[in-house]
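Student:
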Amino acid sequence: MAPDRNNSEYDFSRCKMCATYAASPKYELKKTTVYACAACDFHFINHLDSFPSVPPDDATKRLDRKAWDYIEGRLPAGRKQLRKNLLLVQRHMSLSGAHCLDIGAGAGLFAHLLAEAGASVHGIEPQGIFREFAQQKYGIELNGETIDARHWQEGYAGFFDVVTLWDVLEHVNFPAETLRNAYNVTKPGGWLFLDTPRRDALFYRISEWLYHLSGGANPLFLESLYSPLPFRHKQMFTLRQLLKFVEKTGFSITRMHCSFLHPQNKIVLVCRKP
Ligand SMILES: [Zn+2]
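Under the numbering used here, read the sequence shown as residues 99 to 372, first letter to last.
This is the structure:
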């Protein structure tokens, strides 16, 4: 049975990863609660984003000068990482003429880099303000329909040579579904590249210890790692969970990079659809 998509009706005792009713509150944070699954130890918060995220008449979410400057001001920080990501993709394949899909394209910078490298690019970005920015800044038309939409699942099944999920799996409502849908639009022999923060990293562990020692008063980094605000972090994977999850979807993992010590710990995976 498909999980209920309504935030107020979804039963968070149902694990978003293994679908058993074995999850219960583990960390009570200021604005949200982290649930942990007794069956698979997946950690996720009791919040789902609703779509569309912004009512069409919400003037505070328009791309005015202030919003433009804010988005543009944050580009340099992301550019360095996304250039590295581009090199990682190019190490595995030639982008010239390749059909690429960037899921969670944000302001369109990675889609722009792919296009510059000669790829034929599609991008998904649910936030209208970012789509508008990408259109005006790079001339790229991002699509607001998420990967589970029929537009993608029926119109682009087995189509893409490359699918990218940079910093996406921790943000989406149902990561297992997102990954399955990404698999479906990938061509046999095509590539999936992803990165996501790692939960079994030192800073998360220290935060958990402190939470327990302080009786919940000091959750350290847990407050900043999860948020009920739209499109923020809803779940985090351990390395083992992520590898199992990706392989279960059907991808084979050809390369992995991860760090245990860095606070911005990320797992980077290069995967292939058989
Ligand atoms: Zn579970």
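Where is the CB? At the ideal position from N, CA and C, for every residue including glycine.
Is Asp246 helix, strand or coil by DSSP?
Tutor: Looking at Asp246 - three-state DSSP - the assignment turns out to be coil, as it is neither helix nor strand.
Student: Drop a sphere of 10 angstroms on the beta-carbon of Ile304, count the other beta-carbons inside from all chains shown, and report buried for 16 or more, exposed for fewer.
Tutor: Its Cβ having fewer than 16 others within 10 Å, Ile304 is exposed.
Student: How is Leu161 classed by DSSP in three states: helix, strand or coil?
Tutor: Three-state result, Leu161: coil.
Student: Alpha carbon to alpha carbon, how far is Ala165 from Ala137?
Tutor: When rounded, the distance between both Cα atoms is 43 Å.
Student: Restricting to Cα atoms, I'd like to know which of Thr347, Gln188 and Ala134 is closest to Leu212.
Tutor: Nearest option by C-alpha distance: Gln188.
Student: Pairs of beta-carbons, one from the segment 189–203 and one from the segment 212–224, closer than 8 Å: are there three or more?
Tutor: Contact between the segment 189–203 and the segment 212–224 is present, because at least three Cβ pairs lie under 8 Å.
Student: Rounded to a whole number of angstroms, what is the C-alpha to C-alpha distance between Arg177 and Ser192?
Tutor: Arg177 and Ser192: Cα-Cα distance of roughly 21 Å.
Student: For the beta strand (DSSP E) that contains Phe142, what are its first and last residues?
Tutor: Element bounds for Phe142: His141 to Ile143.
Student: Going by the C-beta, is Ala113 closer than 7 Å to any heavy atom of ligand 1?
Tutor: Checking the sequence shown, residue 113 turns out to be Cys, not Ala. The answer is yes for Cys113.
Student: Measuring alpha carbon to alpha carbon, tell me which of Gly206, Lys159 and Ala196 ends up nearest Leu180.
Tutor: Comparing Cα positions, the closest option is Gly206.
Student: In terms of residue numbering, what span does the beta strand (DSSP E) encompassing Leu292 cover?
Tutor: Its beta strand (DSSP E) spans residues Thr284 to Pro295.
Student: Considering only the alpha carbon of each residue, which of Glu268, Leu327 and Arg163 lies closest to Phe140?
Tutor: Of the candidates Glu268, Leu327 and Arg163, the one whose C-alpha sits nearest the C-alpha of Phe140 is Glu268.
Student: In whole angstroms, what separates the C-alpha of Phe319 from that of Lys129?
Tutor: Answer to the nearest angstrom: the Cα atoms are 14 Å apart.
Student: Check Asn279 in the structure and name its three-state DSSP category.
Tutor: Three-state result, Asn279: helix.
Student: Jot down the residue ranges of each uninterrupted alpha helix (DSSP H) in the segment 318–357, minimum 4 residues, whole runs only, in chain order.
Tutor: Within the segment 318–357, the complete alpha helix (DSSP H) runs of at least 4 residues are 320–323 and 337–347.
Student: Tell me where the beta strand (DSSP E) around Tyr254 begins and ends.
Tutor: From DSSP, Tyr254 is part of no beta strand (DSSP E); its letter is neither H nor E.
Student: Looking at the structure shown, is Arg112 part of a helix, part of a strand, or coil, going by DSSP?
Tutor: Here Arg112 sits in coil by DSSP.
Student: Please find out if some non-hydrogen atom of ligand 1 comes closer than 7 Å to the beta-carbon of Thr118.
Tutor: Thr118 Cβ: within cutoff of ligand 1.
Student: Quick one: is Arg296 buried, meaning 16 or more other Cβ sit within 10 Å of its Cβ, or exposed?
Tutor: The residue in question, Arg296, is buried, as its Cβ has 16 or more Cβ neighbours within 10 Å.
Student: I'd like to check one pair, Glu126 with Gly313: are the Cβ atoms closer than 8 Å?
Tutor: Contact: no.
Student: What first and last residue would you give for the alpha helix (DSSP H) that runs through His86?
Tutor: Residue 86 lies beyond the residue range present for the chain, which begins at 99 and ends at 372; the question has no answer from this structure.
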